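There are 2 protein chains.
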Amino acid sequence: MSTPVRISVDWKGDHNFDAGREGRPSIRIDGDGATGPSPPDALICALAACVSVDVVDILAKRRTPVDSYRVEAVGERVETIPRRFSHISLKVFINGKGIERAQADRAIDLALNKYCSVKDSLDPNLPVEWTLVLNGE
Amino acid sequence: MSTPVRISVDWKGDHNFDAGREGRPSIRIDGDGATGPSPPDALICALAACVSVDVVDILAKRRTPVDSYRVEAVGERVETIPRRFSHISLKVFINGKGIERAQADRAIDLALNKYCSVKDSLDPNLPVEWTLVLNGE
């Protein structure tokens, strides 16, 4: 069995929490969204970063590394408590020489639907869609 | 309709990404777990913080605020890629005068199962269990 993920979350007053692995840099999560992302924000951050680690890796392995890379993510939530996410969209901005659209599309699809453990831990009924902006187009 | 969550994730070299809302403090997520939590770590951080915001609030509203509060979370993952989480456990440490076990139990149950939008966005087949350590016991 693989090593489990072990993290801790420490209350720092108000709605502030410092979270992470023992002895490693922590992240600030703030229920009010002032000193750090709120918990739902952090969920979307985790998803977008999860996909991105593999997209950057896949393109590097194909000898067309990214020069710059960014994702803008939008998560829509239902009105009723607990206000779960109902739809997530990822707009992926990739810049790099020699990267072809078909390769970048394939990298994103693989990263999201084959490799991303965060995505695969979400409700299967929660759609996650994406679009690509490659070298500004 | 409620305001969507909008975050961005910017690549900072290697497996490093800075993530968060525009103009707000960002968090570092690192696929290697060195400069910040990895994406799966960040998912567990988001879940534990989500529950915690409400636990702290509920106990404060009952006029038995926490003196200190911490969660230790363990997420187990399947072996097969994409290595989704198969089980999550939260060990909740609460210290505070006048907090009764039944109240703390109820606060955690409400926070996790009624209010937590992160929990409600996860796969319904992914069990999230918890235990309470109240004033050291």
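Top line first, the protein sequences correspond to chains A and B. Position 30 of the first sequence, counted from 1, bears residue number 350 in my numbering, the numbering being contiguous throughout. Position 36 of the second sequence, counted from 1, bears residue number 356 in my numbering, the numbering being contiguous throughout. A virtual CB, placed ideally from N, CA and C, is assigned to each residue, including glycine. Here the structure is a predicted model, which means the values were calculated and not measured.
Pair within 7 Å by beta-carbon distance, residue i and residue j
i                : j                : result
Val375 (chain B) : Ala422 (chain B) : no
Ala339 (chain B) : Val325 (chain B) : no
Val458 (chain B) : Ala362 (chain B) : Any question about residue 458 (chain B) goes unanswered here, given that chain B covers just 321 to 457.
Pro359 (chain A) : Val438 (chain B) : yes
Pro357 (chain B) : Ile347 (chain A) : yes
Arg341 (chain A) : Ile364 (chain A) : no
Asp429 (chain B) : Arg404 (chain A) : no
Gly416 (chain A) : Thr384 (chain A) : yes
Val448 (chain A) : Ile401 (chain A) : no
For residue i, the residue or residues it bridges with in DSSP
i                : result
Leu442 (chain B) : A:Leu442
Val391 (chain B) : A:Val329, B:Val412
Ile347 (chain B) : B:Ala339
Leu452 (chain B) : B:Val412
Arg397 (chain B) : B:Phe405
Residue closest to residue i, alpha-carbon to alpha-carbon, out of the options
i                : options                                : result
Arg382 (chain A) : A:Gly395, A:Ile419, A:Trp450, A:Thr323 : A:Ile419
Asp377 (chain A) : B:Pro360, B:Asn336, B:Glu396           : B:Asn336
Lys411 (chain A) : A:Trp450, A:Pro359, A:Ser322           : A:Trp450
Ala366 (chain B) : B:Asn455, B:Leu452, B:Leu442           : B:Leu442
Thr323 (chain B) : A:Val394, A:Lys434, A:Thr323, A:Thr355 : A:Val394
Ala354 (chain A) : B:Gly343, B:Ala380, B:Tyr389           : B:Gly343
Cutoff 6 Å; reference residue i; Cβ partners in own chain excluding five residues on either side
i                : result
Val373 (chain A) : none
Val371 (chain A) : Ala431, Leu432, Cys436
Asp352 (chain B) : His335
Ala424 (chain B) : Ile414, Leu452, Leu454
Ser388 (chain A) : Asn415
Asp350 (chain A) : His335, Asn336, Gly356
Own chain, CB closer than 8 Å to residue i, minus 5 neighbours either side, in chain order
i                : result
Ser406 (chain B) : Glu396, Arg397, Val398, Leu446
Gly456 (chain A) : Asn415
Leu379 (chain B) : Pro385, Val386, Ile414, Gly416, Ile419, Gln423, Ala424, Ala427
Heavy atom of the ligand HEM within 6 Å of residue i beta-carbon
i                : result
Asp352 (chain B) : In the structure on display, the ligand HEM does not appear, and there are no ligands present to speak of.
Cutoff 7 Å: residue i Cβ touching any chain E Cβ
i                : result
Thr451 (chain B) : Going by chain labels, chain E is absent from the structure shown, which instead holds the protein chains A and B.
Nonlocal neighbours in the same chain, by C-beta distance under 7 Å from residue i, ignoring five residues either side
i                : result
Trp331 (chain A) : Phe337
Self-check item: Members of the region 401–434 of chain A near chain B, C-beta cut-off 7 Å
Solution: Ile401, Pro402, Arg403, Arg404, Phe405, Lys434
Self-check item: Residues from the region 382–403 of chain A in contact with chain B, defined by Cβ distance under 9 Å
Solution: Val386, Ser388, Tyr389, Arg390, Val391, Glu392, Ala393, Val394, Gly395, Glu396, Arg397, Val398, Glu399, Ile401, Pro402, Arg403
Quiz prompt | Near-chain A residues of the region 364–375 of chain B - C-beta to any C-beta below 7 Å | solution = Ile364, Cys365, Ala366, Ala368, Ala369, Cys370, Ser372, Val373
Quiz item: Between the region 321–334 of chain A and chain B, which residues of the former have CB atoms less than 8 Å from a CB of the latter, in chain order?
Solution: Met321, Ser322, Pro324, Val325, Arg326, Ile327, Ser328, Val329, Asp330, Trp331
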